[in-house]
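Visitor: Numbering (my numbering), first residue to last: 12 to 297.
Quick reminder that beta carbons are idealized off the backbone N, C-alpha and C, glycines included.
What you are looking at is a predicted structure, and each value in this text was computed from that prediction instead of being measured.
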Ligand SMILES: [Mn+2]
């Protein structure tokens, strides 16, 4: 569904940008296959959404061809930044599909430049706050650290981090806050509390490993104890209703051939998020 045959680029309000980048990933898997697998699975989904009783695709969704991305992370980030900046200026709501989480840095740079008061909301099992990982400042393990150098970042769903990372959040000079998954599950932090202190304008980055590894094994570094399907939907609904989400990415899908269910989950999640953005937020919906 992510490209309806009768939708032209000029008429589409939502543009899907596949970013099959895989330079810095660790452990295993081909994260560069993620956007293609999400696109393929999207073709099998119903256009009608039974939850909202509406058809989100009516807005016009157009999927771009994957751009040529340089291998060097700094150059890739610059390329992603300029593509996304161009799309925002054309009044497109951009949905980026990774690929390695590093692509988020390019997207964040574009949004921060055009919306200086924007905050970054990251859903991720990992805090990704290392300054360097294996000597690389642009590893996927450093994404939120790079975001925190651009603006305020709230990282939600965390259940794995290093001592270096917790020490960084305890420093006073960096506008960075962690919300642990265990606290969300204990329900001693409801969603409205989690949104406290954030700007109205939000850029959202969703690393699929924030989901429980039982339903989302197709990631490079799976973590137990994450969001359920209805858990993440409930969370996203409140975020999208309460805040002005200006764009988002869904990253780190590393498809497992023998198990396509996570690819379908990712495609459906993206479509749900487009639907929520369109129908829950008034008057600033899509
Ligand atoms: Mn992660």
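1) Who does residue 258 pair with in a DSSP beta bridge?
2) Threshold first: 3 residues or longer. Then list the beta strand (DSSP E) segments lying entirely within the segment 150 to 199, N to C.
3) What residues are listed by DSSP as bridge partners for residue 107?
4) In its own chain, which residues sit with a C-beta less than 7 Å from the C-beta of residue 236, not counting the 5 before and 5 after it?
5) Could you please give the first and the last residue of the uninterrupted alpha helix (DSSP H) stretch that includes residue 65?
6) Given 7 Å as the limit, tell me if residue 74 has its C-beta closer than that to any heavy atom belonging to ligand 1.
7) Is residue 220 near ligand 3, judged by its Cβ being under 7 Å from some heavy atom?
8) I'd like to confirm the pairing. Which residues does DSSP put opposite residue 131 in its beta bridges?
9) Between 272, 32, 19 and 23, which has its C-alpha nearest residue 297's C-alpha?
10) Any heavy atom of ligand 1 inside 7 Å of the beta-carbon of residue 263?
11) Identify which residue in 25, 285, 108 and 53 has its Cα closest to the Cα of residue 265.
Guide: On the basis of the data shown:
1) DSSP, once it has assigned bridges, lists 214 as partnering residue 258.
2) Segments of the beta strand (DSSP E) lying fully in the segment 150 to 199: 164 to 169 and 187 to 191.
3) Partner(s): 28 and 260.
4) The answer, listed in chain order, is 170, 192 and 223.
5) Residue 65 -> no alpha helix (DSSP H), and no H or E assigned at all.
6) Remark: the C-beta of residue 74 is outside contact range of ligand 1, defined as less than 7 Å to any heavy atom.
7) Only ligand 1 can be found as ligands here, which leaves ligand 3 out of the picture.
8) Residue pairing of residue 131 in beta bridges, as defined by DSSP: 164 and 214.
9) Among 272, 32, 19 and 23, the Cα nearest to that of residue 297 belongs to 23.
10) Because some heavy atom of ligand 1 lies under 7 Å away, the Cβ of residue 263 counts as near it: yes.
11) Measuring from the Cα of residue 265, the nearest candidate turns out to be 108.
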